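Inspection log for the structure reproduced underneath, given as structure tokens.
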Amino acid sequence: MLAYILRRLFLVIPTLFGIMVLNFFIVQAAPGGPVEQMIARLEGTAVGATERFSGSASGGEIMQRPPSEASGGGAYRGARGLPKELVQRIERMYGFDKPVWERFLLMMKSYVVFDFGDSFFRNRRVIDLVIDKMPVSLSLGLWTTLLIYFVSIPLGIRKAVKDGSRFDISTSTILVVLNAIPGFLFALLLIVLFAGGSYFKWFPLRGLVSDDWSTFSAVGKVLDYFWHMALPIAAMTIGGFAGLTFLTKNSFVEEIGKQYVLTARAKGLTEDHVLYGHVFRNAMLIVIAGIPGAFIHVLFTGSLIIEVIFSLDGIGLLGFESALNRDYPVMFGTLYFFGLIGLVMGIVGDMMYTVVDPRIDFEARG
């Protein structure tokens, strides 16, 4: 098993490199990069844009440059009214005075030692931004995944045992209906019903904890945390039950019909012994092994709209804003970091197979 894990870890390097190469050059080809974003801020009439820009050291230095007669238009739209020297300074500040291949190599050299640089527009290190916003996304991803599994697995097993019964048909109908409801629509419904929208005000509308959370007791802090997380987690889990429940049911139905189950029953074993002593281990392989992947999916792809609706400042919202602002260090830093986590979680998923069923030997398969 150790040799298999080492081989998989070795394959992480070229896979992650390929992910970064593909995304880097696709993003570079897209219009509206950070240089264009800064030019738009300088050319815009909004005072806040120039104030935000001039707050940084490099920005202040650029803003103090006297205007010249030369036009810096060049390859940038909207830069015709700016001096050429000013545009060149902006390019140097963002590293765009270097060829694209050199920028990529310098970026990857820094990423190898987990140096993700500083955000272009937030004046903070990328790693600090991720650490600050990670608790929100981890909370959503962890509790949503656990809730989905704790409900779907027993329900799926029950449906398999009662296959074709009224219980099976009615629960399938409910799951299909719930799966058809978008998470953001259910979130809005929860707000209207329970967060002071029109009926009850039982839950807070925004935030991870209350403003005076630090003054609470230990028990009060835990209760306040779950009080704030109740509606966002409910909104994220509403459509997650169906797929896992049907997967669990189908896995058990398939195993129940195999010969070894008939043999166990013929020996006089009870149904619970047959189900949980023989069928469970084989049927749950694909379900349990998918936990790491399910967590990554919920963590990085399922929380964006929920974070926006409930004003939860997490990783999803950070990535969305970074993409809009073309904040390349945040975009590529988080892509590298979470791409690495996703690949490692794939290895963890394989290890979960051996935990559920020690008879599986990846070395023999290799």
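In terms of my numbering, the sequence shown opens at residue 40 and continues consecutively. No residue lacks a Cβ here, since even glycine has one placed at the ideal position from N, Cα and C. Being a predicted model, the structure only gives us computed values, none of them experimental.
Check                                                                                                                         : Outcome
Whether Met-173 touches Ile-330 by CB criterion (8 Å)                                                                         : no
Environment of Leu-214 [buried if 16+ CB atoms lie within 10 Å]                                                               : buried
Beta-carbon spacing of Phe-371, Met-77 below 8 Å                                                                              : no
Beta-bridge pairing of Asp-202 - partner residues as DSSP gives them                                                          : For Asp-202, which the question treats as bridged, DSSP gives no partner whatsoever.
Own chain residues within Cβ distance below 8 Å of Leu-55, not counting five before or after                                  : Tyr-375, Gly-378, Leu-379 and Leu-382
Residue burial classification, Thr-302 (beta-carbon count within 10 angstroms, cutoff 16)                                     : exposed
Cβ contact check for the region 285-300 and the region 192-203: 3 or more pairs under 8 Å                                     : yes
Helix, strand or coil at Ala-69 [DSSP, three-state]                                                                           : coil
With 16 other Cβ atoms within 10 Å as the buried cut-off, status of Ala-274                                                   : buried
Own chain partners of Thr-89 with C-beta closer than 6 Å, once the 5 adjacent residues on each side are dropped               : Unreliable placement is indicated for Thr-89, whose pLDDT of 34 sits below 50; the coordinate value is still reported in the next sentence. Once the five neighbours on either side are set aside, Thr-89 has no close Cβ partner at all.
Own chain residues within Cβ distance below 7 Å of Arg-304, not counting five before or after                                 : Val-313
DSSP state of Lys-297 mapped onto helix, strand, coil                                                                         : coil
With 16 other Cβ atoms within 10 Å as the buried cut-off, status of Ile-65                                                    : exposed
Reduced DSSP secondary structure (H/G/I, E/B, other) of Gly-87                                                                : With a pLDDT of 37 at Gly-87, under the threshold of 50, the modelled position of this residue cannot be trusted; read the value that follows with caution. It is helical.
Lys-288 - DSSP class collapsed to helix/strand/coil                                                                           : helix
Length of the line joining the Cα atoms of Ile-52 and Met-59                                                                  : 11 Å
Alpha-carbon to alpha-carbon, Lys-260 and Gly-222                                                                             : 27 Å
Those residues which DSSP pairs with Lys-148 across a bridge                                                                  : In the DSSP output, where bridge partners are listed per residue, Lys-148 has none listed.
8 Å Cβ cutoff met for Ile-386 and Ile-166                                                                                     : no
C-alpha gap between Ala-226 and Val-394, whole angstroms                                                                      : 36 Å
Beta-carbon spacing of Phe-255, Phe-143 below 8 Å                                                                             : no
Chain-order list of residues whose beta-carbon lies under 7 Å from that of Ser-237 (same chain, five-residue window excluded) : Val-231
Extent of the continuous alpha helix (DSSP H) run through Gly-355                                                             : 354-364
Arg-161, buried or exposed, once every other Cβ within 10 Å from all chains shown has been counted against 16                 : buried
Residue of Val-369, Ile-187 and Phe-349 minimising C-alpha distance to His-37                                                 : The structure shown does not extend to residue 37, since the chain is modelled only from 40 through 405, so no value can be given for it.
Cβ-Cβ separation, Leu-247 to Ser-178 (assumed contact under 8 Å), whole Å                                                     : 7 Å
Pick from Leu-194, Phe-334, Ser-253 and Pro-368 that is closest to Phe-280, judged by C-alpha positions                       : Leu-194
Distance between Ile-345 and Pro-243 (C-alpha atoms, nearest Å)                                                               : 14 Å
Short Cβ contact (8 Å threshold) for Phe-135 with Val-190                                                                     : no
Arg-320, DSSP secondary structure in three states                                                                             : helix
Alpha helix (DSSP H) segment containing Ala-428, residue limits                                                               : Since the first residue shown for the chain is 40 and the last is 405, residue 428 is missing from the structure and cannot be characterised.
Cβ-based neighbour list, Ile-220, same chain, cut-off 8 Å, excluding 5 preceding and 5 following                              : Ile-277 and Gly-278
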